[in-house]
Amino acid sequence: MNLLLRAVGWSGLYVFLVLLPLLAALWSAPPGGRGFVHELGVAAGFVALAMLALEFALIARLRAVAQPFGIDALQGFHRGLGFAALGFALAHPLLLLADGMAARGFDPFAGPVALRPGAAAFWLLLALVATTLWRRRLRLSYEAWLALHRWAALLLLAGALWHVFLVEGRSGAPLMRALWSVYALLVVALVLQHRLGAMLRAWRRPWQVVENRPERGDARTLVVEPVGHRGFDFEPGQFAWLLTGRTPFSAQQHPITFAGSAEQGASRRLAFTIKALGDWSREVVPRLAPGARLWLDGPHGVFTPEREPAIGLLLIGGGVGITPMRAILLTMRDRGDRRPVLLLHAASSPERMTFREEFEALAREIALTYVPVAEDAPAGWTGERGRIDHALLARHLPPQRAHWQCFVCGPPPMLDAMERLLPACGFPAARVHTERFATV
Ligand SMILES: Cc1cc2nc3c(=O)[nH]c(=O)nc-3n(C[C@H](O)[C@H](O)[C@H](O)COP(=O)(O)OP(=O)(O)OC[C@H]3O[C@@H](n4cnc5c(N)ncnc54)[C@H](O)[C@@H]3O)c2cc1C
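Note that the sequence shown covers residues 0 to 439 in numbering that gives the first Met the number 0.
In structure tokens, the structure reads:
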């Protein structure tokens, strides 16, 4: 089945599962009804609850679901649909309030008993969204935010389900109780798969560091090899979660792109290049000395030219977003791929251009045109200066670009600019693929 059909299929299933509780409620509604506003409020609550339960499916790293969309797109859906669920969750008590519910219903400690867990879930949801929106302002580390997010999500879902069971228990609708039990079991299965399944698989297949070297641009390249197994295959542009805690179950899990060739050779070694950005990359990564044990959960991701037919490739990498481009180019070299490639490599200065010398050497081995672009460069610099803009693209894009594929990875402002500029320069938007390294 092609990827588009699969994407449509998964999206259809999502919509069906969101609406299913409404259909079931219609089916099992007692005769008479409770008034339009009341029913609308209940419906909003059901949609919110189904959407919140399905949020777990979007981040459970399920390969079959991720394949047509990409894990980063699923994380984007998780975020966007989380806000949509918040809208329905807000509408639920507000409509009931308009229908005569006492304001005490918002009190998780002193409200009516059947409403208390729902009220607790409501406030937890608001806290969860606020800490996501303002994580940096609240000075929460990513790890602290993630732990909070996970626990708050589980607790709020438990509270919301408990509230539905108490209310439905009173109105006595066995079909609804059975349906919500299935949703609860689905969440438990997704959490187990996400937190246990993948980690148990990783645990059986340890890796060890064989090299940890510094690179230009405040980065380090880790080379790892499998211990007692054959490792795994990947496609250039994909990534793995590096699990560098004491066990794979630790919270220390970071998504990092494969930086080496997908043609791994007999050693089955993998390379990752990591820029020093925060506590993990600054403090933990430099200390991973040869012999250190770690685990990998991968490969994941769809940011790979292997999925797209093209007669040539435009690669645009900014900062550490250059890592997938290195994997793509090394793989092309090792596979004897002679298609033309244009690499636009942006960095603040030539000194901070990770892999610059390697790309200059690769340009002599494959059909690569390498264009380094430094925002600030000393006199005598022969590359481009400034940022990648319309004029720079117009100077370098090939005439046959409509049949090329473009891959862009870098800081969010650069991705936004490229998504705007490339179609304006005659590069079809459907052929522009982006990868965002930041999650929240
Ligand atoms: C698909 C993908 C591929 C990536 N590939 C690379 C790569 O090849 N090289 C590289 O240097 N960086 C890569 N990153 C970014 C990398 O994961 C973060 O820079 C790294 O986790 C920073 O962690 P920290 O604790 O040092 O910094 P922090 O200051 O804690 O984090 C900086 C930012 O990184 C993100 N981040 C942090 N921890 C995680 C986590 N556990 N899971 C998801 N996002 C997190 C958050 O957006 C955070 O704001 C990639 C990210 C994604 C999503």
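Where a beta carbon is used, it is the ideal one built from N, C-alpha and C, also for glycine.
- Where alanine 218 falls: helix, strand or coil (DSSP): Strand, per DSSP.
- Message: To the nearest angstrom, how far is the alpha carbon of leucine 156 from that of aspartate 333?
- Response: Each residue's Cα considered, the two are about 49 Å apart.
- Query: arginine 351 and glycine 216: beta carbons closer than 7 Å?
  - Reply: The answer is yes: Cβ separation under 7 Å.
- Query: So what's phenylalanine 231 in DSSP terms, helix, strand or just coil?
  - Reply: Reduced to three states, the DSSP call for phenylalanine 231 is coil.
- Message: Less than 7 Å between the beta carbons of leucine 189 and alanine 56, yes or no?
- Response: Going by C-beta atoms, leucine 189 is nearer than 7 Å to alanine 56.
- Leaving out the 5 sequence neighbours to the left and right, which residues in its chain are closer than 6 Å to proline 67 when beta-carbon positions are compared? These residues qualify, in order along the chain: Leu2, Arg5, Ala6.
- Task: Go ahead and label threonine 381 buried or exposed: buried means 16 or more other beta carbons lie within 10 angstroms of its beta carbon, across all protein chains shown.
- Result: With fewer than 16 other beta carbons inside 10 angstroms of its own, threonine 381 counts as exposed.
- Task: Could you pull the start and end residues of the beta strand (DSSP E) that arginine 194 belongs to?
- Result: It is not in any beta strand (DSSP E) - arginine 194 carries neither H nor E in the DSSP assignment.
- So alanine 218 packs on threonine 353, CB below 8 Å; how close in whole Å? Rounded, the Cβ-Cβ distance is 5 Å, consistent with contact.
- Task: Have a look at alanine 258 and proline 323 and give me their C-alpha separation to the nearest angstrom.
- Result: Distance between the alpha carbons of alanine 258 and proline 323 is about 6 Å.
- Nearest-angstrom Cα separation, counted from methionine 417 out to glutamate 374: Near 16 Å, if we compare the C-alpha coordinates of methionine 417 and glutamate 374.
- Length of the line joining the Cα atoms of histidine 162 and arginine 115: The alpha-carbon separation between histidine 162 and arginine 115 amounts to approximately 7 Å.
- Any heavy atom of ligand 1 closer than 6 Å to the Cβ of threonine 256? Checking every heavy atom of ligand 1 against the Cβ of threonine 256, one is found closer than 6 Å.
- Task: Compute every distance between the C-beta of glutamine 66 and the non-hydrogen atoms of ligand 1, then say whether any falls below 6 Å.
- Result: Between ligand 1 and the CB of glutamine 66, the shortest heavy atom gap is not smaller than 6 Å.
- Message: For tryptophan 380, report the span of its alpha helix (DSSP H) as first-last.
- Response: Bounds of any alpha helix (DSSP H) do not take in tryptophan 380, whose DSSP letter is neither H nor E.
- Closer than 6 Å: leucine 276 CB and nearest ligand 1 heavy atom: Under cutoff, so the answer is yes.
- Item | Start-end ranges of the beta strand (DSSP E) lying completely within the stretch 318 to 378, minimum 3 residues | For the stretch 318 to 378, whole beta strand (DSSP E) runs of length 3 or above, ordered along the chain, are 340 to 346, 367 to 373.
- Count the other C-beta atoms from every protein chain shown that fall within 10 angstroms of the C-beta of leucine 12, then say buried if there are 16 or more, exposed otherwise. Result: exposed.
- Query: When you compare only the Cα positions, how much space is there between proline 377 and alanine 72?
  - Reply: Approximately 39 Å, taken between the alpha carbons.
- Taking 7 Å as the CB-CB cut-off, is glycine 317 touching chain D? Judged by its chain identifiers, the structure shown contains no chain D, having just a single protein chain.
- Message: Threshold first: 3 residues or longer. Then list the beta strand (DSSP E) segments lying entirely within the stretch 273 to 326, N to C.
- Response: Considered as a whole, the stretch 273 to 326 harbours 292 to 299, 312 to 317 as its complete beta strand (DSSP E) runs of no fewer than 3 residues, in chain order.
- What do you reckon, are the CB atoms on glutamate 383 and leucine 392 nearer than 7 Å? With respect to leucine 392, glutamate 383 sits apart: the two C-beta atoms are not nearer than 7 Å.
- May I ask you to report which of helix, strand or coil DSSP gives threonine 433? DSSP places threonine 433 in strand when its eight states are reduced to three.
- What residue range is occupied by the uninterrupted beta strand (DSSP E) comprising valine 17? Looking at the DSSP string, valine 17 is not in any beta strand (DSSP E); the run it does join, the alpha helix (DSSP H), is 2 to 27.
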